[in-house]
Amino acid sequence: MLTKPPGIEDIFPDRIGRRDLIVDAAREMFRLYNFREIVIPVMEFTEVFVRGLGDETDIVSKEMFTFEDRGGRSLALRPEGTASVVRAYVENGEYNRLATCKFFYIGPMFRAERPQKGRLRQFNQFGAEVFGSGDPYHDYEAMALMDEIAKKSGMEDYRLLLNSIGCPACRVNFVKELTRYYAGRKDLLCRDCATRLERNPLRLLDCKQDSCQPLKKDAPRITSFLCAACAAHHAAVKGYLADGGIAFTEDHLLVRGLDYYTRTTFEFVTARLGGQNAFAAGGRYDNLVEQFGGRPTPAVGFAAGIERMELLLEEKPSLSPGIDLFIAHTGGDTLARAVAVCGLLRGNGLSADLDPASKGFKAQFKKADREGASLVLVVGENELAAGTYTVKDLKSGEQEAVPAGSIIEYCTSKLKR
RNA sequence: GUGGCUGUAGUUCAAUGGUAGAGCCCUGGAUUGUGGAUCCAGUCGUUGCGGGUUCGAGCCCCGUCAGCCACCCCA
2 MLTKPPGIED
12 IFPDRIGRRD
22 LIVDAAREMF
32 RLYNFREIVI
42 PVMEFTEVFV
52 RGLGDETDIV
62 SKEMFTFEDR
72 GGRSLALRPE
82 GTASVVRAYV
92 ENGEYNRLAT
102 CKFFYIGPMF
112 RAERPQKGRL
122 RQFNQFGAEV
132 FGSGDPYHDY
142 EAMALMDEIA
152 KKSGMEDYRL
162 LLNSIGCPAC
172 RVNFVKELTR
182 YYAGRKDLLC
192 RDCATRLERN
202 PLRLLDCKQD
212 SCQPLKKDAP
222 RITSFLCAAC
232 AAHHAAVKGY
242 LADGGIAFTE
252 DHLLVRGLDY
262 YTRTTFEFVT
272 ARLGGQNAFA
282 AGGRYDNLVE
292 QFGGRPTPAV
302 GFAAGIERME
312 LLLEEKPSLS
322 PGIDLFIAHT
332 GGDTLARAVA
342 VCGLLRGNGL
352 SADLDPASKG
362 FKAQFKKADR
372 EGASLVLVVG
382 ENELAAGTYT
392 VKDLKSGEQE
402 AVPAGSIIEY
412 CTSKLKR
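So the first sequence is residues 2 to 418, counted in the numbering used here.
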């Protein structure tokens, strides 16, 4: 049997109802917040992600699907959306000239990781980016937007974690101090943290090893190393959140895995996803556009994992809408009439279906029930002779004969209730 | 990339090393023009794949593939 590659899933209709809770909520909130959709490519030159995310990051160094095109250039399936949006923004000079622009995207991302709960090799994200303003309002806007999407989707039991990792200037001082702190306790570190100390000291702060937890308690806090401008920005973001009634938890241990963040970082987390506790995350990246060759442009954004949000909504029923009418017939002339009236109903905006095989009314009613039909329209020999249709309301069980000429009006008004 | 657990019908799961079964689903009937509930009947298998041990393997051993979970990392 042919199978799908590991970590990649087929999503059948029974899951679509629940996904639509999320995707519809996102689209609606993006509209209300004046974000415009951008469709970015599913693959880029590998260089886009190396430049965007940093070649030391795990995502770039070992989790990308890369391959060569026929000219020998290296391409990669996108592991995330921000780098592509920035590339597109810079490449299209028109947008780069606008004061602020707000984009959102929805689509699949690819990472060559070992699959587990809440972690797939092909997964779907929606995300938003604001270019052209360094104002803390937009940091707040990104978090408020994501919070509203989560609420509107029906999610509960989640928290917003907030931190600031400062700008490159103040981060240098912090990293120096952090390195000194941990270097003095080298023999207490787990093996992973020993390499973190060399490669990426910031990540020492989110080690999950029990033995490393006590070390964090007295570790220096980045918020006390922020320069005046970064501290003011951070305070302003918190002020907006407080005024907006968005609950958040300050977490000085929150550092993100991508190199491009400056100042604000945040995560929406839940206790119910095992190791994959974040279902949405983002932050500010004021230097990335410039790194891509654009003029200096501050920016802030976030991305959310649709499948992870879906897992959190699992106990909610996945409602599939069902059709308005199912048409039952007895074959021959009644089938021809059924096909005709089915087309007429559809032409008038009603969803309708039928089964061309003659199976007896029992089987057809059963199918109507399974398809979630509101009404069954019966076209048998009797109806054909009388010039009527019998319409049964599956919910109430009541049925009546309706003259053929007024079938549209009858069904339309019946379905309205 | 590392580790643990699990692979039996469409699905969820049974089956001391000795004839592969049940619930659900599906199809049909009870009800010859009417769904859901109930009852009855029926279809459904290279026990993931390849080797080995054994008189005999779904069961034990080795390999392999897949799934799940955890680490790592991340949405």
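All C-beta atoms in this analysis are idealised placements derived from N, C-alpha and C, irrespective of residue type, glycine included.
What you are looking at is a predicted structure, and each value in this text was computed from that prediction instead of being measured.
*Three-state secondary structure (DSSP) at Glu-251?*
Numbered from 1 along the first sequence, position 250 holds the residue referred to as residue 251. If DSSP states are grouped into helix, strand and coil, Glu-251 belongs with the strands.
*Look at the alpha carbon of Gly-133 and the alpha carbon of Ala-77, and state the distance between them as a whole number of angstroms.*
Position 132 of the first sequence holds residue 133. Position 76 of the first sequence holds residue 77. Cα to Cα, Gly-133 sits roughly 28 Å from Ala-77.
*asked:* So, at 6 Å on beta carbons, what are the nonlocal neighbours of Lys-153 in its own chain, with the 5 sequence-adjacent residues on each side left out?
replied: The sequence position of residue 153 within the first sequence is 152, counting from 1. Around Lys-153: Ala-26.
*asked:* Give me the residue from Met-44, Val-51 and Ala-304 with the minimum Cα distance to Ala-151.
replied: Taking the first sequence and counting its residues from 1, one reaches residue 151 at position 150. Comparing Cα positions, the closest option is Ala-304.
_Environment of Ile-39 [buried if 16+ CB atoms lie within 10 Å]_ = Mapped onto the first sequence, residue 39 falls at position 38. Ile-39 comes out buried.
*asked:* For the region 218 to 236 against the region 166 to 180, do three or more pairs of beta-carbon atoms, one drawn from each stretch, fall closer than 8 Å, so that the two count as touching?
replied: yes
*Can you give, in chain order, each stretch of the beta strand (DSSP E) that sits fully within the region 277 to 301 and has at least 3 residues?*
279 to 285
*Quick one: residues in its chain with C-beta nearer than 7 Å to the C-beta of Tyr-241, no 5 flanking neighbours on either side, listed in chain order?*
By one-based count along the first sequence, residue 241 stands at place 240. Taken in chain order, the residues that qualify are Pro-137, Tyr-138 and Tyr-141.
*asked:* Which same chain residues end up closer than 7 Å to Ala-113 when comparing Cβ atoms and leaving out the 5 residues on each side of it in sequence?
replied: Reading the first sequence from its first residue, position 112 is the one you call residue 113. For Ala-113, where only same-chain residues beyond five positions count, the Cβ hits under 7 Å are Glu-64, Met-65, Phe-66 and Arg-122.
*Between Met-110 and Arg-79, which are expected to be in contact by the criterion C-beta below 8 Å, what is the C-beta distance as a whole number of angstroms?*
As a first step, residue 110 must be located in the first sequence, where it is residue number 109. As a first step, residue 79 must be located in the first sequence, where it is residue number 78. At roughly 6 Å, the Cβ-Cβ gap stays under 8 Å, so Met-110 and Arg-79 are in contact.
*Beta-carbon proximity check, Val-87 vs Val-301, cutoff 8 Å*: In the first sequence, the residue the question calls residue 87 occupies position 86. In the first sequence, the residue the question calls residue 301 occupies position 300. Not in contact: Val-87 and Val-301 (Cβ atoms no closer than 8 Å).
*Taking one C-beta from the region 248 to 266 and one from the region 279 to 290 each time, how about it: are there three or more such pairs within less than 8 Å?*
yes
*Glu-372 and Gly-323 look like a contact to me (Cβ under 8 Å); what is the Cβ gap, rounded to whole Å?*
Start at 1 with the first residue of the first sequence, and residue 372 comes out as number 371. Start at 1 with the first residue of the first sequence, and residue 323 comes out as number 322. Indeed, because the Cβ distance is near 6 Å, the residues count as touching under 8 Å.
*Can you tell me which of the three DSSP states Asn-93 falls into?*
Locating residue 93 in the first sequence gives position 92, where the first residue counts as 1. Looking at Asn-93 - three-state DSSP - the assignment turns out to be coil, as it is neither helix nor strand.
_Cβ neighbours of Leu-431 in the same chain (closer than 7 Å, five flanking residues each side left out)_ = Coverage of the chain is limited to positions 2 through 418, which leaves residue 431 absent and any answer about it impossible.
*Taking Gly-108 as part of the beta strand (DSSP E), name the residues at either end of that continuous run.*
The residue given as residue 108 occupies position 107 in the first sequence. First-last of the beta strand (DSSP E) with Gly-108: 102 to 111.
_Minimum length 4: unbroken alpha helix (DSSP H) runs contained in the region 184 to 245_ = 192 to 200, 214 to 218 and 229 to 245
*What are the start and end residues of the alpha helix (DSSP H) that includes Asp-140?*
The residue labelled residue 140 in the question sits at position 139 within the first sequence. It spans 137 to 154 - the alpha helix (DSSP H) in which Asp-140 sits, taken as one unbroken run.
*Is the distance from the Cβ of Tyr-183 to the Cβ of Leu-190 below 8 Å?*
What you label residue 183 is simply residue 182 of the first sequence in a count that begins at 1. What you label residue 190 is simply residue 189 of the first sequence in a count that begins at 1. Cβ atoms of Tyr-183 and Leu-190: closer than 8 Å.
*asked:* Taking 8 Å as the threshold (C-beta atoms), are Lys-103 and Ala-129 in contact?
replied: As a working note, residue 129 is residue 128 in the first sequence. As a working note, residue 103 is residue 102 in the first sequence. A contact, by the Cβ cut-off of 8 Å.
_Contact the region 325 to 340 vs the region 358 to 371: 3+ CB pairs below 8 Å_ = yes
_Range covered by the alpha helix (DSSP H) that runs through Gln-365_ = Position 364 of the first sequence, counted from the start, is the residue given in the question as residue 365. From DSSP, the alpha helix (DSSP H) with Gln-365 extends over 362 to 371.
*Classify Asp-354 as helix, strand or coil using the three-state DSSP reduction.*
By one-based count along the first sequence, residue 354 stands at place 353. Asp-354 falls in the strand class under three-state DSSP.
_For Thr-389 and Glu-149, what's the separation of their Cα atoms in angstroms?_
Start at 1 with the first residue of the first sequence, and residue 389 comes out as number 388. Start at 1 with the first residue of the first sequence, and residue 149 comes out as number 148. Using only the alpha carbons, I get a separation of about 50 Å.
*Note the first and the last residue of the continuous alpha helix (DSSP H) segment covering Arg-19.*
Taking the first sequence and counting its residues from 1, the one referred to as residue 19 is at position 18. It spans 14 to 33 - the alpha helix (DSSP H) in which Arg-19 sits, taken as one unbroken run.
*Taking all protein chains shown into account, decide if Asn-349 is buried (16 or more other Cβ within 10 angstroms of its Cβ) or exposed.*
Taking the first residue of the first sequence as 1, we reach residue 349 at position 348. Classification for Asn-349: exposed.
*Leaving out five residues before and five after Leu-255 in sequence, what residues of the same chain have Cβ atoms less than 7 Å from its Cβ?*
Against the first sequence, residue 255 aligns to sequence position 254. Cβ within range, chain order: Leu-162, Asn-164, Thr-266 and Glu-268.
*Less than 8 Å separating the beta-carbons of Val-459 and Ala-100?*
Absent from the model: residue 459. The displayed extent of the chain is 2 to 418, so no value can be given.
*asked:* Please return the same chain residues whose Cβ sits closer than 7 Å to the Cβ of Met-382, not counting the five positions on each side in sequence.
replied: For the purposes of this step, residue 382 is identified with residue 381 of the first sequence, where counting begins at 1. Met is not the amino acid found at residue 382; the sequence shown has Glu there. Closer than 7 Å at Cβ, skipping near neighbours: Thr-331 and Thr-335.
_At the level of alpha carbons, what is the spacing between Met-44 and Tyr-90?_
Residue 44 sits at position 43 when you count from the first residue of the first sequence. Residue 90 sits at position 89 when you count from the first residue of the first sequence. Near 16 Å, if we compare the C-alpha coordinates of Tyr-90 and Met-44.
*Mind checking who Glu-69 pairs with in its DSSP beta bridge?*
By 1-based counting over the first sequence, the position of residue 69 is 68. DSSP lists Ser-75 as partners of Glu-69.
*Let me know the secondary structure DSSP gives Asn-125 once reduced to three states.*
Along the first sequence, read from residue 1 onward, the residue named residue 125 stands at position 124. Of the three classes helix, strand and coil, the one that applies to Asn-125 here is strand, per DSSP.
*Taking the alpha-carbon positions, what's the His-235 to Lys-415 distance?*
Within the first sequence, residue 235 is the residue found at index 234, counting from 1. Within the first sequence, residue 415 is the residue found at index 414, counting from 1. Cα-Cα distance, rounded: 57 Å.
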